[in-house]
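Residue numbers (our numbering), protein chains in the order written: chain E, 80 to 315; chain Z, 31 to 556.
A short worksheet on the structure shown next.
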Amino acid sequence: MRVTEQPNRRRQSTLLAVPLLAVALWLGACGYKPLSETRPDAESGTVAGTAVPPASGPTVSTGIAVGEEARKNRYATLARPENALSPDEIGYFADVHEGRLRQALAGTSIRIQRVGDRLLLTIPGRLSFDTDSTHIIDAARPALAGIAAVLVEFDKTLVSVFGHTDNRGDPGYNQALSEKRAISVARFLAEEGVATERLAGIGYGQRRPALEEDSARARTANRRIEILIEPISADW
Amino acid sequence: MIRRDRLLWRVSLAALAGVLVLFGALGVYVRNESLAAEEQRLERLARSLGVTVENAIISARDTLDRLNGLGLEPCSDAHLAAMQNAAFARSHIRAIGYWQAAERLCGVGLVRGTELMPQRADRIYESGVVAWWPGPQTEVGGVQLFLMRYGEHDVAMDPAMLLDTGVVEALQAGLWVENLPMAAYPADAELPSPDSIPPGVTFDAEHGRVISRFSLGTVFPIDIVAVEPIANFRDRYLPMVIMATVLGLLLIGSWIYLVLRYSRHQLSLGSELREAIAQKRLVVRYQPIVELSDSRCVGAEALVRWRRDSGHTISPDIFIPVAEAEGFLPEITRYVLHAVATDIGRLLRDESDFAISLNVSRQDLEEGDLERVLSDELDAVGVAPSSISLEITERALVGSEAALRAIHDLRKRGHRVAIDDFGTGYSSLSYLEAFEIDSLKIDKAFVDAIETETVTSSVISHVIEMAHSLDLDIVAEGIEHAHQAAWLLEKGVAHGQGFLYGKPLSARQFLSYHRTDRGNDLDSDD
Chain E
80 MRVTEQPNRR RQSTLLAVPL LAVALWLGAC GYKPLSETRP DAESGTVAGT
130 AVPPASGPTV STGIAVGEEA RKNRYATLAR PENALSPDEI GYFADVHEGR
180 LRQALAGTSI RIQRVGDRLL LTIPGRLSFD TDSTHIIDAA RPALAGIAAV
230 LVEFDKTLVS VFGHTDNRGD PGYNQALSEK RAISVARFLA EEGVATERLA
280 GIGYGQRRPA LEEDSARART ANRRIEILIE PISADW
Chain Z
31 MIRRDRLLWR VSLAALAGVL VLFGALGVYV RNESLAAEEQ RLERLARSLG
81 VTVENAIISA RDTLDRLNGL GLEPCSDAHL AAMQNAAFAR SHIRAIGYWQ
131 AAERLCGVGL VRGTELMPQR ADRIYESGVV AWWPGPQTEV GGVQLFLMRY
181 GEHDVAMDPA MLLDTGVVEA LQAGLWVENL PMAAYPADAE LPSPDSIPPG
231 VTFDAEHGRV ISRFSLGTVF PIDIVAVEPI ANFRDRYLPM VIMATVLGLL
281 LIGSWIYLVL RYSRHQLSLG SELREAIAQK RLVVRYQPIV ELSDSRCVGA
331 EALVRWRRDS GHTISPDIFI PVAEAEGFLP EITRYVLHAV ATDIGRLLRD
381 ESDFAISLNV SRQDLEEGDL ERVLSDELDA VGVAPSSISL EITERALVGS
431 EAALRAIHDL RKRGHRVAID DFGTGYSSLS YLEAFEIDSL KIDKAFVDAI
481 ETETVTSSVI SHVIEMAHSL DLDIVAEGIE HAHQAAWLLE KGVAHGQGFL
531 YGKPLSARQF LSYHRTDRGN DLDSDD
């Protein structure tokens, strides 16, 4: 490996990351809501293990937040002063974190995007699950293990795993499948040493395609796992 | 004088053009040479700096890679020693650290603890190398460091140590890596960014400085910008400029000298005359010589005339001495002889008692190969030597053994020899006895005096008597009036020439005159 490779220029990645930006904005908007206003019963928001798993929820390890609401609550839980990054640290933390992920994922087809201090990894579907399966294929495990190792080192983050499917088949079925897959990946990360309290799994089914068009190319791009890594900030 | 004006114009333009061209060439030469030398100098500098920087960066990265792969227990003595060794091996490395995420667990060198955690990396490479260029956020103890992290280790380098290689003395220099400022010498130097200046050497007259930019792109795009006062640049190339100036002045001097020499030469009457000869612009006129008793034409004197481009005619009294002084009078003699042979050679061949008088000079006799020229020209048209009389002034003969010998030889070949303008020169009758001559030409001045009956007319009487006693034929020049002819005839002068008989005529006119004259003879003979 040589340092001559094309540097990851933030401007370029910003342009490439319009869908991600939408996610980030949405996350940001939620993040600024006062904690008292969060609705613990919204959608399928529960905490696996501490409450009854959702109907579609798999039997997962305890501690992984499942669903969007649980994810938001989890962030609030993590943002304790002793656990959070100071404003002085956060930029350095994110830069080095990105560097370490790039080092770990060099040569794989996992995409790394950066928005602000957040990192988004995109794992193509064909490289993680077989069709209709929630079982992570063996070929995906080394890369996921590499990600897990970096996540263990850079431990002041909330790690959210998003499952996405394409638009074929029943949306309800797709929703359940994507959530199971997300939890499956989160559980793998937990098994690799990432604290479960930092993990969340959310299934989006076919609701958040990366490409809106109806084509084979779009379907391939839309079947994916995303891992969003958000540094825990003290001024949250 | 049209020719002179034209020539002066031409010469002035040539001189000016020559000087301008030389000055221009000199300027271009000095500029190119000094620029080329400066570019080479700076390119060497840039290359050396670029290689140093490149090596430092690559070596830093390799060091980090090696430390990451050692597999030592973090922060053990062995780990610390490995970092220490790596740092000591390179003077520009200020610190090496071992990190866990954003926490520095241990390390060696000047940068301690969490001091260096810049907020924004300048580059995060695909390989995972994160780099912070020197700037306020990487400043420790007044030194802005170049920071690189790869894996669990980071390295802090002092870029000034990269630049301070001794090659940048007496100028300000800056180093950009990937278009980001990496180092400057001196540290507070204010340098224009590479984007704002063209590659190569630029003169910034406004600020009195020379700016140069060189770019390398072997591993990283690297730009070197160097600034130095124009005075430095001047000093460096002053010897060359002086040398070039001296050389240039010499060239200009030689040019002006050559132009002046050429113009003086071209402006001289001599050169113009040579030109006229070369272009056959001299013309030959024939003034009839007659038998005074019956005015019958027995010959003619060939006279050379020079009419210049301007229409102005120059007297032979002026241009003959010039040709003589410049040593090419024999050329004129030959020119005239050739004209005679061409114009009336046939007449001379047909009428053996008819003769043309040709003026020859002492130069012809002493230096020219007159004898050969005569035989060449006359043989070519089959004219006998007796048909050409040679007129020589007294002065040409006095004191010249060579001339006298030549006269002797020419007479032996059959030419007749006459003393021209007798009475105007030494006028010493004693000479006449010493010279081998056939006839005497009495100058017009004496003939003019005939009418007035003054002293000169008594002189002419003596001259005539003397000639008779030496058995010399006499030709009187410049006869304009019949009574002069009558007087001369009475004194026993056989031949004469002058306006009374005919002015100098062109060859065509003369031949026509001659035909008429002969016709009259035939008539009278009848």
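All C-beta atoms in this analysis are idealised placements derived from N, C-alpha and C, irrespective of residue type, glycine included.
Would you call the CB atoms of residue i and residue j closer than 8 Å?
i: E/A255; j: E/A144; result: no
i: E/Q285; j: E/T236; result: no
i: Z/I386; j: Z/A306; result: no
i: Z/L377; j: Z/H544; result: yes
i: Z/A537; j: Z/I319; result: no
i: E/L180; j: E/V240; result: no
i: Z/V370; j: Z/A332; result: yes
i: Z/N262; j: Z/L201; result: yes
i: Z/R443; j: Z/S419; result: no
i: E/F267; j: E/I202; result: no
i: E/R197; j: E/I308; result: yes
i: Z/L440; j: Z/E396; result: no
i: Z/I350; j: Z/L359; result: yes
i: Z/A132; j: E/V231; result: no
i: Z/I252; j: Z/G80; result: yes
Which bits of chain E does residue i rub up against, with CB to CB less than 7 Å?
i: Z/R120; result: Per Cβ cutoff of 7 Å: no residues; Z/R120 is ~16 Å from chain E at best.
i: Z/I123; result: Result: empty, since nearest Cβ-Cβ is about 16 Å, beyond 7 Å.
i: Z/R179; result: V175, G178
Which two residues bound the contiguous alpha helix (DSSP H) that contains residue i?
i: E/V229; result: 220-232
i: Z/S245; result: Where Z/S245 is concerned, there is no enclosing alpha helix (DSSP H), although the beta strand (DSSP E) it sits in stretches over 239-246.
i: E/H176; result: 166-184
i: E/N152; result: 147-157
i: E/T299; result: 295-301
i: E/Q254; result: 250-270
i: Z/R392; result: 392-396
i: Z/F476; result: 474-478
i: Z/P189; result: 189-193
Can you name the residues of chain Z whose CB is closer than 7 Å to the CB of residue i?
i: E/Y171; result: A132, M147, P148, Q149
i: E/E232; result: Q130, A131
i: E/E168; result: A132, M147
Residue i: which of the options sits nearest, CA to CA?
i: E/L206; options: E/L198, E/A163, E/T187; result: E/T187
i: Z/S188; options: Z/R364, Z/L303, Z/W163, Z/Y180; result: Checking the displayed sequence, the identity of residue 188 of chain Z turns out to be Asp instead of Ser. Nearest C-alpha to Z/D188: Z/W163.
i: Z/L94; options: Z/S106, Z/S298, Z/T82, Z/Y128; result: Z/Y128
i: Z/A256; options: Z/E396, Z/R435, Z/T372, Z/V240; result: Z/V240
i: Z/V334; options: Z/R179, Z/H368, Z/A161, Z/S323; result: Z/H368
i: Z/V271; options: Z/S64, Z/S491, Z/L46; result: Z/S64
i: Z/P259; options: Z/A235, Z/T275, Z/G278; result: Z/A235
i: Z/G57; options: Z/R71, Z/S469, Z/V83, Z/T275; result: Z/T275
i: Z/V328; options: Z/Q527, Z/V81, Z/K533, Z/L37; result: Z/Q527
i: E/A274; options: E/F233, E/Y283, E/S294; result: E/F233
i: Z/F244; options: Z/R36, Z/R264, Z/V207; result: Z/V207
i: Z/L210; options: Z/G165, Z/H109, Z/S242; result: Z/G165
i: Z/R364; options: Z/K310, Z/S382, Z/K533, Z/S416; result: Z/K310
Going by DSSP, what residue range makes up the beta strand (DSSP E) through residue i?
i: Z/A256; result: 252-259
i: Z/F176; result: 176-180
i: Z/P415; result: First-last for Z/P415: undefined, no H or E at that position.
i: Z/Y215; result: 210-215
i: Z/W517; result: From DSSP, Z/W517 is part of no beta strand (DSSP E) but of the alpha helix (DSSP H) over 512-520.
i: Z/V366; result: It is not in any beta strand (DSSP E) - Z/V366 instead sits in the alpha helix (DSSP H) that spans 359-380.
i: E/V240; result: 236-243
i: Z/F233; result: 230-234
i: Z/S301; result: Per DSSP, Z/S301 belongs to no beta strand (DSSP E); it is in the alpha helix (DSSP H), 299-308.
i: E/R190; result: 190-194
i: Z/L312; result: 312-321
With a threshold of 7 Å, establish whether the CB of residue i neighbours any heavy atom of the ligand FAD.
i: Z/Y267; result: The ligand FAD is absent from the structure shown, which contains no ligands of any kind.
Name the chain Z residues whose beta carbon is nearer than 9 Å to that of residue i?
i: E/A313; result: Simply none; closest approach about 13 Å.
Is there contact here, the stretch 76-93 of chain Z with the stretch 41-61 of chain Z, by at least three beta-carbon pairs under 8 Å? No, they do not touch.
Any chance the stretch 296-312 of chain E sits against the stretch 156-172 of chain E, with 3 or more Cβ pairs inside 8 Å? yes
Between the stretch 109-129 of chain Z and the stretch 154-162 of chain Z, are three or more C-beta pairs nearer than 8 Å? In short, these stretches do not touch, since the Cβ pair count stays below three.
Segment contact, 8 Å Cβ cut-off, at least three pairs: the stretch 289-303 of chain E with the stretch 258-266 of chain E: These segments do not touch.
Using 8 Å as the cut-off, can you tell me whether the stretch 391-403 of chain Z makes contact with the stretch 416-431 of chain Z, which would need three or more C-beta pairs spanning the two stretches below that distance? yes
Flag this pair as touching only if the stretch 460-480 of chain Z and the stretch 507-518 of chain Z have three or more C-beta atom pairs under 8 Å; answer yes or no. yes
Any contact of the stretch 174-190 of chain Z with the stretch 146-153 of chain Z, i.e. 3+ C-beta pairs under 8 Å? yes
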